[in-house]
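Undergrad: Following this message is one structure expressed as structure tokens.
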Amino acid sequence: MSEFNNVTVVKEANVYFDGGVTSRTIFFADGSRKTLGIMMPGEYTFNTGSAELMEIMSGEMTVLLPGSPDWVAVRGGEAFEVPENSSFKLKVTAVSDYCCSFL
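Quick note on numbering: the working numbering labels position 34 of the sequence shown as 1172, and the sequence is numbered without any gaps.
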């Protein structure tokens, strides 16, 4: 899906890591939400409350998921899931466009 229709967009940006990661939250009529954002090259650790599906629209990174000893390469067109109440690490090597769905 390349676009979302009939959504509410929160105007205020979510800014993390001194601007290295930014996003906007969108809400759907059914109450579900997603964030759309950009990650600049760098290393980041995120904590989750809800389970998440991270779709990488463009860019390149490696991800270290909870319980895994290995970093996995992820690039535009790929996705990964993160369990609730956990944390994951990213090494972003190219500006990356993403969509995060809260499951």
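Every residue gets a Cβ at the ideal spot worked out from N, C-alpha and C, and that includes glycine.
Everything numeric in this text was worked out from a predicted model, so none of it was measured.
#1: Which one of G1205, T1146 and D1235 has the shortest CA to CA distance from V1212?
#2: In terms of residues, what are the limits of the beta strand (DSSP E) holding N1185?
#3: State the start and end residues of the unbroken beta strand (DSSP E) segment that holds F1226.
#4: Check the C-beta distance from S1188 over to F1155 and give it rounded, since I have them as a contact under 8 Å.
#5: Is it true that the region 1210–1227 meets the region 1156–1170, where meeting means three or more beta-carbon pairs spaced less than 8 Å apart?
TA: On the basis of the supplied data:
#1: Taking the first residue of the sequence shown as 1, we reach residue 1212 at position 74. When only C-alpha atoms are compared, the closest one is D1235.
#2: Indexing the sequence shown from 1 puts residue 1185 at position 47. Run containing N1185: G1180 to N1185, per the beta strand (DSSP E) assignment.
#3: Taking the first residue of the sequence shown as position 1, residue 1226 is located at position 88. F1226 -> beta strand (DSSP E) spans S1225 to F1240.
#4: For this step, residue 1188 is matched to residue 50 along the sequence shown. For this step, residue 1155 is matched to residue 17 along the sequence shown. Cβ atoms of S1188 and F1155 stay farther apart than 8 Å, at about 20 Å.
#5: The region 1210–1227 and the region 1156–1170 do not touch, with fewer than 3 CB-CB distances between them shorter than 8 Å.
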